[in-house]
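Residues in the sequence shown are numbered from 3 upward in steps of one, following our numbering.
For glycine and all other residues, C-beta sits at the position ideal for the given N, C-alpha and C.
Okay, so here's the structure we're looking at.
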Amino acid sequence: MTFGDISMHMKSSLMPLIKPGHVMLACLLVLFLLAGAASAVLQEERTPTMISIALDPVKPQAGEPFYITGTLVTKSGEPLGNKWIVLESTAAGATPGKFQYLKVTRTELDGSYSFFRPAASPPEDLKVRFKGLYFYDASESEIVTAKK
């Protein structure tokens, strides 16, 4: 029996078991499993981050403009520049969890960011978020209250 005979015998005996749709399904399953494994590896290797928040002036009054400032860094203190930061707000004293998108900005190379709020802004609770990116975990600031 030659190699060609063995190959032909295997092909003819396996053909009834393998259908064209099964091959595609098997390929998709393998791709899905590989993608899941790669995702798990990436999540394990993410660097924790911290984001600070402060008001300037510290206690802005009604009718007074103010700035929201802070810094985005890794847990080890390395600044994260050129990252998107989201400012969210809710009415001062409102139910926690009801924050809404207000503005977005990028951090400077030293990880610092700044938002301006006009004199006409209402009394509000504010927080900032970094949604995470590639190798960096998401982080969220504490909540600060302005004009209350």
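What span of residues does the beta strand (DSSP E) with residue i cover, start to end?
i: Y103; result: Q102 to R108
i: Y115; result: S114 to R119
i: E126; result: E126 to F132
How many Å lie between residue i and residue j at the Cα?
i: E80; j: A121; result: 34 Å
i: E126; j: F68; result: 12 Å
i: S91; j: E47; result: 31 Å
i: Q63; j: T109; result: 27 Å
i: K100; j: S78; result: 31 Å
i: A148; j: Y115; result: 18 Å
i: S123; j: K150; result: 11 Å
i: I145; j: A96; result: 12 Å
i: A140; j: T49; result: 9 Å
i: D58; j: Y103; result: 21 Å
Reducing DSSP to helix, strand and coil, say where residue i ends up.
i: I70; result: strand
i: R48; result: coil
i: D58; result: strand
i: S143; result: coil
i: S91; result: strand
Assuming residue i and residue j form a contact by the criterion Cβ under 8 Å, report the distance between their Cβ atoms to the nearest whole angstrom.
i: Q74; j: G134; result: Sequence check: residue 74 is Leu here, not Gln. The Cβ separation is near 11 Å, so there is no contact.
i: R119; j: I55; result: No, R119 and I55 are not in contact; Cβ-Cβ is about 13 Å, not under 8 Å.
i: L82; j: T51; result: 7 Å
i: V106; j: I53; result: Their Cβ separation, rounded to whole angstroms, is 13 Å, which puts V106 and I53 out of contact at 8 Å.
i: K85; j: F132; result: 6 Å
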